[in-house]
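This report concerns only the one structure given below.
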Amino acid sequence: MRLFICEKPSQAKDIATVLGATTRTDACFEGNEIAVTWCVGHLLELAPPDHYCDSIKPWRMEVLPVVPKQWVLMPQEKTKKQLNAIGKLLKQARSVVIATDADREGDVIGREVLDYFNYQGPVERLWLSALDEESIKKALHSIKPGAATECLYQAGLGRQRADWLMGMNLTMAVSSLYALPGQGVLSVGRVQTPTLKLVVDRDLGIEQFKAQDYYVLKALCENINQEPFWVTWEIPEELSDDDGKCIQKASIDEVARKINGKAGRVTSFKELDKREAPPLCLSLSSLQQLASSQLGLSAKHTLDIAQALYEQHKATSYPRTDCGYLPDSQFAEAGAVFDALKQIDPEVLPLIERCSLQLKSKAWNSDKITAHHGIIPTLNPKVNLKTMTESERNVYQLIRAYYLAQFLGEYEFVQRQVTLDIEAYTFKASAHLPGVLGWKSAIKPIRDLEEEELDTDASESIPKLHDQEPVSIQKLKPDSRKTKPKSRFTEGSLIAAMKSIANYIENPQLKKILKETSGIGTEATRANILETLLSRAYLKRQGKQLISTPKGRELIQRLPQSITNPATTALWEQMLEDIALGKHALDDFLEEQSDTLSGMLVQLEKQKPASHILGSNSTYSCPDCQKTLMKRQGSKGAWWGCSGYPQCKTRFSDKHGMPLIRSTVNLQ
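Quick note: the sequence shown, position 480, residue 503 per our numbering, numbers continuous.
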């Protein structure tokens, strides 16, 4: 018997249908000497610390770190039945095909089961990019040998074990040092804690920001044909601050006085024909940024939708990709994709009619493909938009639009730039004149959510001018403005920050190194990291914004930089990528993690706090003193007390996880 091990039952059903294994049992599909079974995510988990150290409870610094000499996997209780069923199938199997999700975590989910049951037979790997029938058939004709993804499995083990080492040990250490009895666990993680630091730093920067006045001078001019346009005085270096702004109002007033009623002349006029290529197809992180900005969806919701479009609807390709490029070999399939899209949604026909199969954008580049290509529509013409939720349709349409944009040609526009001399003062302006819309007729490009909302002095239009042409000044407009802080993080912009972590590092050498990494977290894990920070009350949502809570801020302020530094985590992620490429050994990586962990614990011990109070696990305020209320566990259940104790002894009963403000609680 040939055994296929999938990640989920739905995935198993799709593959079994193509293979002709149509007889369903409790644990698999069977037929044609084939069995197709499934995991339900991870069927196994790493043993907890007390498995390796009997004296670990209560948590205390002197027994840390716990570093397993031999890593032990334990069955998850809720899925033990399915695990045992796979074990029985493995005893009958002549060979095994790992058919879990085609990524690092998918390899771990499948292979850890083989290791647990000590399976020694032949192993192959089915690498799927989509779950429609044609894509499955195509993948079945190009099954990889198991050895082809062995390094990927090693990287997955590295991620799993490093998360355990750092997460378990640091959480035990920080909780033992800082948490009050009954306060609960103070969670620390290899990725979540540096991510939290990004938000805390941004929030503190905004709250401590002091706006500064600066000044600009604009002039409304006319050319000899009496066509109006605005220009702005270019601040000379000797009058500008480090950001190129004029902070002396007197300088603006003096220039305005000197040029009032005067004429100027054109010293330079340029008219540049420009073209802009379409953006790449969507990766998961770019889809999450787009959905956050345009649809108001959380990163986790977007991931769930993308997974449903892939698994349930068979409408789009594998979603957990960090790549927007497409393989050259799939360019020939574009016509068939168009045909499928027209059958699925006739309303897209006018847009497809403007597409040209002769246009091959920069997105088609096999050399730049990572483990998976960009997210695109499948060849499946049976996709039913009516079975999708509104959010699923919206996300599907975004993916479809970015694919069709590759066939709509470049966006063409004219850039006009003018420089004037007015009484020896330099004034400038630029204008953007749209021409052929091309790909912009299909999509709104992703806003760079990290970009400041900079004050722009671009003119709406500039007439055609000539060098040395005289101009008259019709109006002067001195303007007072204020500098602005950076924007709060949204889920989309925080995902972008995690991916482009080099932008947040000041050390030039480290910044250069980190530009070559994929940031902190992975496409598959970043959304869950944000949900973890929210569920543990380190972050809270405020509209579209993510804001750090007092608990999150105090945690970051108390921890050594070695634990909170995102650069450290980014370098670890690069090591994991190197393991996946066979450039770094798993054992060496884990030894480095253990050494780093020991140093972190020493730093924590050195700065042992005088007070054990650390923030709160809520955002509720004490009505008497306005300090934060903390949820605690007592002999009679949960209750809430003021973090200002003993100065403030206010306390409340708990009702459905919230303080019952009108009722006090008896602790006797």
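Every residue, glycine too, gets a C-beta built ideally from N, C-alpha and C. Please read all numbers here as calculations on a predicted model, not as lab measurements.
By DSSP, does residue i sit in helix, in strand, or in coil?
i, result
"Thr548", "coil"
"Ile79", "coil"
"Lys654", "strand"
"Asp238", "Reading off the sequence shown, one finds Tyr at residue 238, where the question assumed Asp. Three-state result, Tyr238: strand."
"Ser165", "coil"
"Ile636", "With a pLDDT of 43 at Ile636, under the threshold of 50, the modelled position of this residue cannot be trusted, and the question is left open."
"Cys29", "strand"
"Arg184", "helix"
"Asp49", "coil"
"Ser118", "strand"
"Ile684", "coil"
"Cys244", "strand"
"Pro72", "helix"
"Cys174", "helix"
"Trp61", "strand"
"Arg470", "Annotation note: pLDDT 49 at Arg470 (below 50); position unreliable, no value reported."
"Glu294", "strand"
"Leu599", "helix"
"Pro259", "coil"
"Thr591", "helix"
"Glu529", "coil"
"Asp677", "strand"
"Gln438", "strand"
"Arg377", "coil"
Is the beta carbon of residue i sitting closer than 8 Å to the one on residue j?
i, j, result
"Pro501", "Leu313", "no"
"Ser199", "Met84", "yes"
"Ile392", "Thr339", "no"
"Gln99", "Leu137", "no"
"Ala363", "Leu402", "yes"
"Gly347", "Ala322", "no"
"Leu112", "Ala58", "yes"
"Ala357", "Leu326", "no"
"Arg184", "Leu627", "no"
"Cys304", "Gly432", "no"
"Arg225", "Glu492", "no"
"Ile38", "Ile109", "no"
"Ile543", "Thr216", "no"
"Ser306", "Thr344", "yes"
"Cys244", "Ala603", "no"
"Gln438", "Leu553", "no"
"Gly181", "Leu609", "yes"
"Ile367", "Leu408", "yes"
"Met24", "Glu68", "no"
"Leu592", "Val214", "Before going on, a small fix: residue 592 reads as Thr here, not Leu. In contact: Thr592 and Val214 (Cβ atoms closer than 8 Å)."
"Ser308", "Ile518", "yes"
Compare the Cα-Cα distances from residue i to each of the options and report the closest residue.
i, options, result
"Phe446", "Asn283, Thr218 and Arg148", "It is worth fixing the name first, because residue 446 is Glu in this sequence and not Phe. Of Asn283, Thr218 and Arg148, the residue nearest in Cα terms is Asn283."
"Trp150", "Glu135, Tyr139 and Gly129", "Gly129"
"Arg655", "Gln215, Lys538 and Ala202", "Ala202"
"Arg576", "Ala560, Ser585, Ala590 and Gly566", "Ala560"
"Pro589", "Leu221, Tyr238, His324 and Gly660", "Leu221"
"Gln177", "Glu135, Ser558, Ser158 and Met189", "Glu135"
"His489", "Ala170, Ile247, Ser210 and Trp595", "Ile247"
"Lys650", "Gly664, Thr48 and Lys659", "Gly664"
"Ser274", "Arg504, Tyr238, Phe292 and Thr255", "Tyr238"
"Trp462", "Gln429, Lys293, Leu456 and Leu594", "Gln429"
"Cys671", "Val254, Ala550, Asp647 and Gln249", "Asp647"
"Lys522", "Gln497, Thr545 and Tyr419", "Thr545"
"Pro350", "Pro342, His395 and Cys378", "His395"
If we define contact as Cβ-Cβ less than 8 Å, is residue i a contact residue for chain B?
i, result
"Leu456", "In the structure shown, chain B does not exist; there is a single protein chain."
Under the assumption that residue i contacts residue j (Cβ atoms under 8 Å), give the Cβ distance between them as a whole number of angstroms.
i, j, result
"Ala300", "Ser389", "That pair is no contact at about 18 Å."
"Tyr333", "Leu154", "6 Å"
"Ile570", "Arg511", "6 Å"
"Tyr75", "Val89", "5 Å"
"Phe10", "Glu257", "Any question about residue 10 goes unanswered here, given that the chain covers just 24 to 691."
"Gly228", "Lys509", "6 Å"
So is residue i buried or exposed if we call it buried at 16+ other beta carbons inside 10 Å?
i, result
"Gly638", "With a pLDDT of only 46 at Gly638, under the threshold of 50, the placement of this residue in the model should not be trusted; the figure read from the coordinates follows. That one is buried."
"Ser541", "buried"
"Asp471", "With a pLDDT of only 38 at Asp471, under 50, the local geometry of the prediction cannot be trusted, and the value read off the model is given with reservation. By the neighbour-count rule (16 or more Cβ atoms within 10 Å), Asp471 is not buried but exposed."
"Pro145", "exposed"
"Leu372", "exposed"
"Pro669", "exposed"
"Gly267", "exposed"
"Leu456", "exposed"
"Cys645", "buried"
"Phe52", "buried"
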